[in-house]
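Undergrad:
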Amino acid sequence: MRILGFDSLPSTNTYAKEHIKNLLHNDIITADTQSDGRGRMRRLWLSPKGGLYFSVVLKPQGLAPRAFCSFTLAMALAVCKTLKNNGVEAYIKWPNDVLCGGKKLCGILSEGVFDESGAFLGLVIGAGLNVSQENLVCDKPAVTLKALGFNFERALLLKEICTLFEGYCNDIYASGFKALQEEFKRHIPALGQVVSLRTAKGFFTGTARDISAEGFLLLQTQEGAVEEFSVGDMDF
Ligand code: BTN
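Each step along the sequence shown adds one to the number in numbering that gives the first Met the number 0, with nothing skipped, and position 132 is 131.
Right under this line is the structure:
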């Protein structure tokens, strides 16, 4: 695990994507601030000092693109477990947010990287964790670890998260997401609840029944059918 630390970058994900050819599998890019931090669905991710902003570069061999979302879930699990191991009552909002008491602590943005000919170069898994920023600005209810009463050293958090993440990735390489499935499900309080899901295909409401061996959400709609989703914006 190699950590490349910067005072400021436009975005750690963008840096990792632009330099992926010269970066190694498992390299980590961090920045104390980002001037153009990006969230999912083209949202802005404001990144003042005090947050933990990082991206991990993965160059997995021979995996089907369908398996790529497993790494996003693995990062959510690594962040959630690290926080729980340190006393924070964190949980995962499938697929890739970590919350505490209904407020967002961490968001994850995963991106595939391809060259001009379309050949796959790797994945970039970026995470933004609210540690001790003042005046947190977010489009959803959000909170910092500091506001919850926790004083974390960002470098130690990063090490702990990335060590867990590397272990989870090795499990995925060996036997797919199903190696993490049961543990992942233990951190999803939405299971069994009525949820709504915004996706590119539309808006769905139903009961969150399960997380599949591939990490997909199985949603039982009001009509009774069970539909499978690989991504979406959930509310419950
Ligand atoms: C989201 O919840 O919408 C995802 C937010 C992801 C933010 C992180 S911060 C580090 C990395 N660099 C970025 O520009 N975005 C991700």
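All C-beta atoms in this analysis are idealised placements derived from N, C-alpha and C, irrespective of residue type, glycine included.
Going by beta carbon distance, what residues of the same chain come within less than 8 Å of P47, once the five residues before and after it are set aside?
TA: Counting from 1 along the sequence shown, the entry for residue 47 is found at position 48. If we look at P47 and ignore the five residues flanking it on each side, its Cβ neighbours are T32, Q132, E133, N134.
Undergrad: Put R41 into one of helix, strand or coil per three-state DSSP.
TA: Here residue 41 refers to the residue found at position 42 of the sequence shown. The answer is helix: DSSP assigns R41 an H, G or I state.
Undergrad: According to DSSP, simplified to helix, strand and coil, what is S237?
TA: In the structure as shown, the chain starts at 0 and stops at 235, and residue 237 therefore has no counterpart that could be examined.
Undergrad: With 16 other CB atoms within 10 Å as the buried threshold, where does S54 fall?
TA: For the purposes of this step, residue 54 is taken as residue 55 along the sequence shown, with counting starting at 1. S54 comes out buried.
Undergrad: What are the start and end residues of the beta strand (DSSP E) that includes A178?
TA: Walking along the sequence shown from the start, residue 178 turns up at place 179. First-last for A178: 177–184, but that is the alpha helix (DSSP H), not the beta strand (DSSP E).
Undergrad: Locate the beta strand (DSSP E) running through A207, then write down its first and last residues.
TA: As a position in the sequence shown, residue 207 is number 208, starting the count at 1. Unbroken beta strand (DSSP E) run through A207: 201–210.
Undergrad: Anyone know if the C-beta pair for L216 and G231 falls short of 8 Å?
TA: Numbered from 1 along the sequence shown, position 217 holds the residue referred to as residue 216. Numbered from 1 along the sequence shown, position 232 holds the residue referred to as residue 231. In contact: L216 and G231 (Cβ atoms closer than 8 Å).
Undergrad: Need the endpoints of the beta strand (DSSP E) that C302 sits in, please.
TA: Residue coverage of the chain in this structure runs from 0 to 235, which leaves residue 302 outside it and unanswerable.
Undergrad: Report buried or exposed for T204, applying the criterion of at least 16 other Cβ atoms within 10 angstroms of its Cβ.
TA: Along the sequence shown, read from residue 1 onward, the residue named residue 204 stands at position 205. When all chains shown are included, T204 counts as exposed.
Undergrad: Could you spell out where the alpha helix (DSSP H) holding V78 opens and where it closes?
TA: Within the sequence shown, residue 78 is the residue found at index 79, counting from 1. First-last of the alpha helix (DSSP H) with V78: 68–84.
Undergrad: I'd like to know if the segment 165–174 and the segment 193–210 are in contact, where contact means that at least 3 CB-CB pairs between them fall below 8 Å.
TA: These segments do not touch.
Undergrad: Quick one: is the Cβ of T11 within less than 7 Å of any heavy atom of the ligand BTN?
TA: Stepping through the sequence shown from its first residue, residue 11 is reached at position 12. Yes - the ligand BTN has a heavy atom lying nearer than 7 Å to the Cβ of T11.
Undergrad: Could you check how far apart the C-beta atoms of F176 and E213 are, in whole angstroms? I think they sit under 8 Å.
TA: Walking along the sequence shown from the start, residue 176 turns up at place 177. Walking along the sequence shown from the start, residue 213 turns up at place 214. The pair is a contact, with the Cβ atoms about 6 Å apart (cut-off 8 Å).
Undergrad: Rounded to whole angstroms, how far is the Cβ of L128 from the Cβ of L51, which I believe are closer than 8 Å?
TA: Locating residue 128 in the sequence shown gives position 129, where the first residue counts as 1. Locating residue 51 in the sequence shown gives position 52, where the first residue counts as 1. L128 to L51, Cβ: 4 Å. Contact.
Undergrad: Please determine if the segment 133–149 and the segment 54–63 are in contact, where contact requires at least 3 C-beta pairs separated by less than 8 Å.
TA: No, the segment 133–149 does not touch the segment 54–63.
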